[in-house]
């Protein structure tokens with residue numbers, strides 16, 4: 863798998879924060895930057911918001927979105943959570959149609975696991 867086929871959850875959260883209609887969904891797409899960026903009130907993408915959205919999507923669809931750990935995504939050896947770019951459209955459409963409101967979802971239906979690891 864190549865880097866051009868995946869996107870990190872942090873970058874996806876930043877894209878969702880800028881997208882029309884996504885601010886009304888109740889997800890906190892941006893969060894305060896850790897470390898030195900906090901003093902400047904900088905905002906970064908909130909990967910936990912994207913994970914919640916993916917969890918809600920996976921609980922209601924037969925073909926789930928797979929989350930992978932990618933080493934070397936940003937040029938460093940640390941692992942980053944990524945999804946395939948072709949899953950962005952499915953997730954965004956689901957959220958904009960009101961599917962992100964998980965009413966009556968149980969813990970068993972919304973369990974989450976990382977599918978695999980890739981090196982980029």
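Residue numbers (the working numbering): 863 to 982.
Note that beta-carbon positions come from the ideal geometry of N, C-alpha and C, so glycine has one too.
Determine the DSSP secondary structure at residue 950, reduced to helix, strand or coil.
Helix.
Per DSSP, which residues does residue 941 bridge with? Please list them.
Bridge partners of residue 941: 933.
Beta-carbon separation (whole angstroms), residue 958 vs residue 909, contact threshold 8 Å
The pair is not a contact, with the Cβ atoms about 20 Å apart (cut-off 8 Å).
From the DSSP output, in three-state form, read off residue 893 for me.
Looking at residue 893 - three-state DSSP - the assignment turns out to be strand.
Can the beta-carbon of residue 930 be found less than 8 Å from the beta-carbon of residue 944?
Going by C-beta atoms, residue 930 is nearer than 8 Å to residue 944.
So residue 897 and residue 875 are in contact, right, with Cβ under 8 Å, and what is the actual spacing, rounded?
Wrong, their Cβ atoms sit about 18 Å apart, outside the cutoff.
Rounded to the nearest angstrom, what separates residue 905 and residue 866 at their Cα positions?
Distance between the alpha carbons of residue 905 and residue 866 is about 25 Å.
Contact defined as beta carbons within less than 8 Å: I believe residue 926 pairs with residue 933. What is the distance between those atoms, to the nearest angstrom?
Cβ atoms of residue 926 and residue 933 stay farther apart than 8 Å, at about 23 Å.
To the nearest angstrom, how far is the alpha carbon of residue 936 from that of residue 864?
Near 13 Å, if we compare the C-alpha coordinates of residue 864 and residue 936.
Local conformation of residue 979 per DSSP, three classes:
Collapsing the DSSP output to three states places residue 979 in a strand.
Of all the CB atoms in chain D, is at least one closer than 8 Å to the CB of residue 930?
Of the protein chains in this structure there is only one, and it is not chain D.
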